[in-house]
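A quick write-up on the structure given underneath.
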Amino acid sequence: DDLCMIAECIYAAKFISDDHARRLIETLGRFASNPQADKLMEEVFLCQRVKTGQKDVLAVIRDLRKAIKEKKKIQFKYLHREIDDVTKEVVRNRGRRFTVSPYKLMISDGNYYLLAYSDQARDMRLFRVDKIQKVEILQILRTGQPVFDQMDLSTYTKRVFFMNPGEQQKVSLRFERRLLDSVVERLGAEGDIIYRPDGPDHFVVNADIEISNQFYGWLVSFGSQAKILHPQKVADEYCEYLQSIIKQHEE
């Protein structure tokens, strides 16, 4: 069972290509009997995921770890998709290389990300590791250490991965009680976040939230089971967001 769980985690990782996943699971199978190894291969391929087509991701990860350990700047090319052919990824920024100071690797929703400081933006930026190509470790010490030292990584990851950067405001939200687990998984339950019951069937949460379309999109997934109580400005903006969706479908 433990080997099956490890195999499932390998195959669920979007940043690992199909070929790499197969090789890793074959290696894992060497620690099991022949029938168990066959079972690993059979079961893991029952779950197909949209995975990267990049073949050198593991080599990229090794280079990034080396640069982080040595506290050196890096250069790389970054890929993205274009509407002319969405099945292929092409080099972004007209082929120009990005230069950043790498600080941390992190995983969210099956994807691997590089957290790095950009001198150009004077702030931290996230890059999908499976979209990074041709990493070059520069013999230049990285910059941005004071910015990284001041970061609360837990708050940062929730803000960036789940709510997208926007204006942060203290918001009061009301949900049906059966949605509590989903709300806690998204907003968390530590720090200044406060939950309280609101009658037998609802609860209210007060939290600092980055106000953005992604936040509104998350909220609308609950339909009439969620409501913005305060501030009124955020509630009004949410109504405008909903009206824009309705208008889009009426045209």
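Count along the sequence shown from 1, add 44, and you get the number used in my numbering. Don't be surprised by glycine CBs; every beta carbon is placed ideally from N, CA and C.
Ignore the nearest five residues each way along the sequence and tell me which others in residue i's own chain have a CB closer than 6 Å to its CB.
i	result
V144	A160, S162
Y285	Y260
A76	L47
K277	none
When the Cα atoms are used, what is the spatial distance from residue i to residue j?
i	j	result
G267	E180	48 Å
F89	Y156	The predicted model places F89 with a pLDDT of 47, which falls under 50 and marks its position as unreliable, so this point remains unresolved.
F192	L158	13 Å
D167	D225	33 Å
E114	Q189	13 Å
H274	R140	45 Å
Q269	G235	25 Å
L263	N257	10 Å
Does DSSP put residue i in a helix, a strand or coil?
i	result
P275	coil
E133	strand
I112	helix
S152	strand
S61	coil
R66	helix
On the DSSP bridge assignment, give the partners of residue i in chain order.
i	result
R74	Its beta-bridge partners do not exist; DSSP assigns none.
D167	S162
Q119	T143, E180
A270	F219
For residue i, which residues of its own chain have a beta-carbon under 8 Å away from its beta-carbon, when the five flanking residues on both sides are left out?
i	result
L149	I105, L108, R109, I112, Y156, Y157, L158, L159, V173
Going along the chain, which residues of its own chain have a beta-carbon closer than 7 Å to the beta-carbon of residue i, five neighbours each way excluded?
i	result
A327	Residue 327 cannot be examined here, being either before or after the span of the chain that is shown, 45 to 295.
R136	Y122, L123, H124
L72	L47, I50, A51, L84
**Prompt:** Mind pulling the alpha helix (DSSP H) runs of 4 or more residues that sit fully within the stretch 174-259?
**Reply:** The qualifying runs are 189-193, 197-201, 224-231.
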